[in-house]
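Inspection log for the structure reproduced underneath, given as structure tokens.
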Ligand code: LLP
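In the working numbering, the protein residues as written are 42 to 483.
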């Protein structure tokens with residue numbers, strides 16, 4: 042094989058065990074993807090279990106035990122939550138459905154963190170019923186609602202206040218959250234965080250445990266996390282001075298970026314952990330504040346690079362002087378990220394060695410709209426043809442969790458591959474599943 046014409050794997054952004062066998066076929070965990078596609082069909086999410094576990098361990102090593110909370114919105118499926126919980130991570134859930142999945146995965150409710158800017162009474166009450174360890178309150182109405190629910194149950198709700206810290210992390214506008222004019226949290230600069238604290242201290246049903254702030258997602262600059270930590274430690278120090286109040290938890294949210302394309306820098310988790318912990322320790326010492334317990338909530342950086350999506354090509358159209366269009370058997374229904382955020386996922390021919398050099402193609406899906414593009418300028422060889430397997434990298438985070446049934450396409454299956462063992466973790470949706478909610482008119 043000519044290395045110049047084969048765009049990965051191995052190497053980032055592909056997962057740790059992704060390689061090619063001597064036929065040129067991509068392998069994950071020692072299993073060739075043509076065998077996976079044959080046994081499980083396509084589109085198929087293939088999770089590299091070694092990679093997933095290594096990512097969990099790197100975060101625990103960098104931030105400490107009981108400091109890492111997996112943001113399950115990235116990919117909330119029972120088996121993924123089982124793996125991360127087994128690796129010692131806590132789990133962040135942001136809806137009743139994510140909470141139900143975490144409970145189904147056997148996660149200890151005390152190790153759950155409940156998020157959401159518009160939680161329902163039912164979601165909050167369920168959290169109290171099962172004993173969720175931390176509830177991150179996002180609005181004044183929620184303080185009142187939670188207080189009432191907790192008092193009705195005769196318990197005190199463990200609360201973190203979500204602070205909007207006024208930090209503008211440089212990332213896509215849709216995933217930016219820490220700047221002042223945002224839908225999340227109590228805006229610090231406008232005095233809303235202070236108002237929330239004053240109210241929370243008045244409510245007997247609440248037990249205030251700490252503060253939380255999340256600056257955004259796919260953030261590659263460590264300074265944004267350090268700045269967030271400093272703002273929150275300063276806040277804890279001021280609140281201690283003003284209210285004689287000691288709060289333990291300093292939850293810095295998630296958002297740690299990952300590599301999507303070959304050559305993207307892989308953010309260094311160990312260095313990030315060291316920088317954040319040092320900043321917290323220095324700032325706390327400067328204020329004479331006891332060292333707070335730092336929590337972080339990575340989602341993408343835990344599961345994103347661990348999976349690829351395998352598609353089968355269906356049609357190739359060469360438009361002379363224009364583009365080459367390669368259509369596959371999935372698309373924006375199973376990966377909305379390119380269409381929604383302009384995300385650029387790496388692509389490779391996966392089921393065989395290519396013949397000839399790779400040229401840029403438009404990799405598109407099967408949905409009935411022109412915006413259904415999976416990759417622009419994907420490096421596929423001149424001989425790519427119907428029936429080939431194509432892999433798209435870094436699809437563990439925010440693909441399956443954001444999948445839709447647009448055009449009534451069933452959502453893909455997923456397998457977890459570890460040391461040559463393949464375990465189905467999500468069965469392919471069927472047309473029967475799709476019709477299950479329909480209520481025909483008489
Ligand atoms: N904690 C909170 C409070 C969050 O809102 C989020 C993400 C996370 C943690 C995890 O962030 P992560 O480490 O995964 O970046 N769908 C978008 C990403 C939306 C992120 C929303 N909140 C995407 O596909 O890029």
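Ideal Cβ placement from N, Cα and C applies to all residues, glycine included. No experiment lies behind these values; they were computed from the predicted model shown.
Is there contact here, the segment 352-371 with the segment 49-64, by at least three beta-carbon pairs under 8 Å?
They do not touch, by the three-pair rule.
For the alpha helix (DSSP H) that contains residue 462, what are its first and last residues?
Counting along the chain, residue 462 falls outside any alpha helix (DSSP H), though it belongs to the beta strand (DSSP E) covering 462-467.
Does the count of Cβ pairs from the segment 389-403 and the segment 420-433 closer than 8 Å reach three?
Result yes; three or more Cβ-Cβ pairs closer than 8 Å.
Excluding the five sequence neighbours on either side, which residues of its own chain have a C-beta within less than 8 Å of the C-beta of residue 280, listed in chain order?
Hits under 8 Å: 238, 286 and 288.
Within the same chain, show all residues whose beta-carbon is closer than 6 Å to that of residue 111, passing over the 5 residues directly before and after it, in chain order.
So the list reads 125, 130, 132 and 343, once near-sequence residues are dropped.
For residue 220, which three-state DSSP category applies?
In this structure, residue 220 counts as coil in the three-state DSSP scheme.
Would you mind stating whether residue 437 and residue 345 have Cβ atoms separated by less than 8 Å?
Cβ distance < 8 Å, so residue 437 and residue 345 count as in contact.
For residue 272, which residues from the same chain have a beta carbon less than 6 Å from its beta carbon, with the 5 sequence-adjacent residues on both sides left out?
The answer, listed in chain order, is 206.
Which one of 364, 354, 378 and 417 has the shortest CA to CA distance from residue 393?
Of the candidates 364, 354, 378 and 417, the one whose C-alpha sits nearest the C-alpha of residue 393 is 354.
If we count Cβ pairs, one from each stretch, closer than 8 Å, do we get three or more for the segment 439-458 versus the segment 310-324?
Contact fails: fewer than three Cβ-Cβ distances are below 8 Å.
Going by other Cβ atoms of all chains shown within 10 Å of its Cβ, with 16 needed for buried, is residue 245 buried or exposed?
Exposed, since its Cβ has fewer than 16 Cβ neighbours within 10 Å.
Considering only heavy atoms of the ligand LLP, does any lie closer than 7 Å to the CB of residue 378?
Yes, the beta carbon of residue 378 sits closer than 7 Å to at least one heavy atom of the ligand LLP.
Are the segment 186-195 and the segment 257-265 touching by the rule of at least three beta carbon pairs closer than 8 Å?
As far as the Cβ criterion goes, the segment 186-195 does not touch the segment 257-265, which means the pair count is below three.
Bridge partners of residue 181, per DSSP?
According to DSSP, which records beta bridges pairwise, residue 181 is partnered with nothing at all.
Tell me which same chain residues have a C-beta within less than 6 Å of the C-beta of residue 311, skipping the five on either side of it?
103, listed in sequence order.
Does residue 117 pass the burial test, meaning 16 or more other C-beta atoms within 10 Å, or should it be called exposed?
That one is buried.
Look at the alpha carbon of residue 408 and the alpha carbon of residue 376, and state the distance between them as a whole number of angstroms.
Cα to Cα, residue 408 sits roughly 12 Å from residue 376.
Is the closest heavy atom of the ligand LLP to the C-beta of residue 342 under 7 Å?
Yes; taking the cut-off as 7 Å, the Cβ of residue 342 has a heavy atom of the ligand LLP nearer than that.
Is the number of C-beta pairs between the segment 459-475 and the segment 409-416 that are closer than 8 Å three or more?
Judged by Cβ distances under 8 Å, the segment 459-475 makes no contact with the segment 409-416, as fewer than three pairs qualify.
State the DSSP-derived secondary structure class of residue 424, mapped to helix, strand or coil.
Residue 424 falls in the coil class under three-state DSSP.
What are the uninterrupted segments assigned as alpha helix (DSSP H) that are 4 or more residues long and contained completely in the segment 84-142, given in chain order?
Correct list: 90-104 and 119-127.
Thinking just about the alpha-carbon of each residue, which of 92, 54 and 128 is nearest to the one in residue 106?
Considering only alpha carbons, the answer is 128.
Cβ atoms of residue 226 and residue 204: under 8 Å apart, would you say?
In this structure, residue 226 lies closer than 8 Å to residue 204 by Cβ.
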